[in-house]
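Numbering of the sequence shown is given in this note's numbering, commencing with residue 48 and proceeding in unit increments. What follows is a set of notes on a single structure, which appears directly below.
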Amino acid sequence: MRTGKRLATSMALPLAVVMLTLAGCGALPGGSSDDSSAQTSTPSSTPPESAVAATAEPTAAGESDAAPSEPATSLPKGLTQKDVNAGVLSAKVKWKASGKLQTVKGSTKAPGKGQVIKVRIQVEKGLKIDGDKFADFVLATLNDRRSWTEKGTRRFARTDDAGQAFTTVTLASPQTSAELCRPLQTMGKLSCRNGDRVVLTNYRWVKAIPEYKKNREGYRQYVVNHEVGHALGHGHEYCAGKGELAPLMMQQTKGLLGCRPNPWPHP
Ligand SMILES: [Zn+2]
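Structure follows, in structure tokens:
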């Protein structure tokens with residue numbers, strides 16, 4: 048079984064973790080889904096377009112998103128500037144799209160010092176997503192000092208060459224994401240890491256989860272860091288107790304169990 052590209056020996060992955068970590072954050076090893084708290088309604092054959100507007104209100108007064116460069120009126124209905132910064136162009140989530148994955152063209156250099164890890168970005172054709180903005184958001188998250196940069200010993204670059212990529216971060220419709228995560232049962236509502244691919248479902252990219260309240264940006268940072276964390280060899284962790292900060296590698300999408308939301312491995 049191919050388990051993804053290997054990092055340089057200094058960052059060798061614990062083999063046990065690699066073998067087991069076909070990590071869907073809805074399924075424990077052994078393939079049975081334990082996502083009791085995840086929305087487990089099996090998608091019917093042609094689910095209607097779930098026109099659920101993103102949970103948070105449009106940029107009403109008081110919600111201090113970064114001052115939008117364009118006048119607020121130009122924001123798509125139901126979205127904030129931060130949603131747009133993450134590439135989201137519509138609050139509506141279509142259950143399926145074209146099924147074709149498109150690589151975001153071009154490459155970006157890794158900032159700072161340390162070992163360079165190259166990431167490729169793909170977006171399913173037909174999603175209402177700005178691929179360049181999505182790619183920039185993913186790389187900005189991974190290169191944040193609170194992310195997997197390990198005190199400046201690691202940094203992330205973007206490539207559009209599959210041969211150079213350590214992993215491919217893929218944003219797909221609920222239906223295609225479920226297919227890409229198989230044999231895991233993610234129901235289109237959970238993301239996963241499968242081999243050398245990190246699969247993010249657009250269902251959560253747009254809507255996040257209730258426990259993150261209006262902080263959809265925080266949830267997006269969580270799911271990028273969590274799934275890439277699996278690609279780097281990290282397994283699941285658990286809430287240490289009520290009111291504690293949730294470990295990044297906790298399956299937060301399935302519920303925080305009393306812990307507080309946390310998008311970072313090094314908060
Ligand atoms: Zn996970």
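Idealized CB from N, CA, C, for every residue including glycine. In this text, all values refer to a predicted model and were calculated from it rather than measured experimentally.
Residue range of the alpha helix (DSSP H) that includes residue i
i, result
"V246", "Per DSSP, V246 belongs to no alpha helix (DSSP H); it is in the beta strand (DSSP E), R244 to T248."
"T188", "G178 to L189"
"N272", "R263 to A278"
"Q128", "Q128 to N132"
Reference residue i, options the options, closest by Cα
i, options, result
"C228", "V135, T248 and T127", "T248"
"I256", "E274, R244 and L237", "L237"
"G210", "V166, V151 and K180", "V166"
"E226", "A212, F213 and V246", "V246"
"L295", "N272, D177 and N262", "N272"
"G173", "S137, A212 and Q298", "S137"
"L304", "R263, D130 and C286", "C286"
"A133", "V151, G153, T150 and K180", "K180"
"N260", "I164, T300 and E284", "Note on identity: in this sequence residue 260 is Lys, with Asn being the wrong assignment. Checked all of I164, T300 and E284; the closest Cα to K260 is T300."
"D208", "N262, T155 and A219", "T155"
"Y266", "Y250, S145, Q232 and I164", "Y250"
"A187", "G288, G302 and Q268", "Q268"
"E197", "G276, K141 and G178", "G276"
"V151", "S145, A182 and A157", "A182"
"R202", "G178, P158 and A219", "P158"
"I288", "C306, G302, L279 and S145", "Note that residue 288 corresponds to Gly in the displayed sequence, not to Ile. The candidate whose alpha carbon is nearest that of G288 is C306."
"L148", "W142, K141, Q128 and G178", "G178"
"G242", "E171, A204 and A278", "A278"
"G3", "E258, A204, G146 and Q128", "Lying outside 48 to 314, the shown extent of the chain, residue 3 is not represented and no answer is given."
Element boundaries [beta strand (DSSP E), containing residue i]
i, result
"V163", "Q162 to E171"
"T150", "L148 to T150"
"A204", "R201 to R205"
"R240", "C239 to N241"
Residue i, DSSP secondary structure in three states
i, result
"Q222", "helix"
"C228", "helix"
"T300", "helix"
"R251", "helix"
Proximity test, residue i beta-carbon vs ligand 2 heavy atom, cut-off 7 Å
i, result
"Q298", "Only ligand 1 can be found as ligands here, which leaves ligand 2 out of the picture."
Distance between residue j and residue i (C-alpha atoms, nearest Å)
i, j, result
"T215", "R244", "5 Å"
"T102", "Q162", "Low local confidence applies: a pLDDT of 41 at T102 is under 50, so the model's placement there is unreliable, with the coordinate-based value given in what follows. Near 38 Å, if we compare the C-alpha coordinates of Q162 and T102."
"K139", "K175", "9 Å"
"M234", "P221", "7 Å"
"K124", "V135", "11 Å"
"F213", "L126", "32 Å"
"G317", "K160", "Residue coverage of the chain in this structure runs from 48 to 314, which leaves residue 317 outside it and unanswerable."
"D130", "F184", "10 Å"
"I168", "G290", "35 Å"
"G282", "S121", "41 Å"
"T223", "N190", "28 Å"
"T206", "R240", "19 Å"
"R263", "V253", "8 Å"
"S194", "T217", "19 Å"
"A293", "V270", "13 Å"
"A204", "K143", "30 Å"
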